[in-house]
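Below: one structure, written as structure tokens.
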Amino acid sequence: MHGPGGAAASPVKSFVVPHSTKTPYTVSVVDIVHRPGEMREKSIDVTVDDEMGNAVIGLRKGAEMTIEARLESLHDGILVSGEVDAVATGECVRCLIDVSIPVEVEFQELFAYSFDEAFDYQVQDDHVDLEPLVRDAVVLSLPFQPVCQEDCLGLCPECGVRLLDNPGHEHAAPVDPRWAALAGLDGLTGVSNDVAGAETGATEEKR
Ligand SMILES: [Zn+2]
Ligand SMILES: [Zn+2]
């Protein structure tokens, strides 16, 4: 710090040092720090700037997220509980169409007043930064293999059409002899199923 009378004094003199890394995820707890028993609830709307997720599914830049947070003052720090509400977008791993998956996930962490290895988070400058725990909760909640619907049939291995869009899709004249062999196997399976059906039913006796 330079003493008073410095030639290039800042024109703005602030009495409160602003939080150095204030983001939409930082919440002031100045009114409840070291006041055990005090509690506040805050609803935070965030537009995602840093994506959360992976190449297949995640909260993309610009996604809207709502965080409902409950901040409780304890002796050791501030206990933050909350729920994240958002929509993840990506693509179906089977048929590659766009999918939107609701994300509703809860989190809870203690932000300690003092540095303590037992706690991952600290209250800093009378603020708590919810981003890392929100990010962890969201990423852990995302499906590894997102699908457009549970029974998605994927794409035709031969021509690539989406099978759900083309019920009954088949190829009349297989180009590759290997497909012909598979088609033959399908036929055999069908025959054996018919036989099994006849055995379980009583229709054969009536004929
Ligand atoms: Zn699909
Ligand atoms: Zn096909």
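Residue numbers (my numbering): 1 to 207.
Just so you know, even glycine gets a beta-carbon here, dropped at the ideal spot from N, CA and C.
Check, Outcome
"Under 9 Å between C-beta atoms of Q94 and G160", "Looking at the sequence provided, one finds Arg at residue 94 rather than Gln. No, Cβ-Cβ distance for R94 and G160 is not below 9 Å."
"Assigned exposure category for P102 - 16 Cβ within 10 Å defines buried", "exposed"
"Alpha carbon of N54 to alpha carbon of C92, nearest angstrom", "13 Å"
"Any non-hydrogen atom of ligand 3 closer than 8 Å to V87 Cβ", "Among the ligands present in this structure, namely ligand 1 and ligand 2, ligand 3 is not found."
"Beta-carbon gap between C38 and S73 smaller than 9 Å", "Before going on, a small fix: residue 38 reads as Glu here, not Cys. It is a contact, given that the beta carbons lie within the stated cut-off."
"Proximity below 9 Å, CB of I57 to CB of L130", "no"
"V105 CB to nearest heavy atom of ligand 2 below 8 Å", "no"
"Ligand 1 heavy atom lying under 8 Å from the CB of C152", "yes"
"Ligand 2 heavy atom lying under 8 Å from the CB of H127", "no"
"Exposure of H75, with buried meaning 16 or more beta-carbon neighbours within 10 Å", "exposed"
"Nearest residue (CA-CA) to V80, options E158, Y121, K22", "Y121"
"Cut-off 6 Å between Cβ atoms - residues of its own chain near F119, not counting five sequence neighbours on either side", "L110, A112"
"Residues near C156 in its chain [Cβ-Cβ closer than 7 Å; skip 5 each side]", "L163, H169"
"Short Cβ contact (9 Å threshold) for A137 with F107", "yes"
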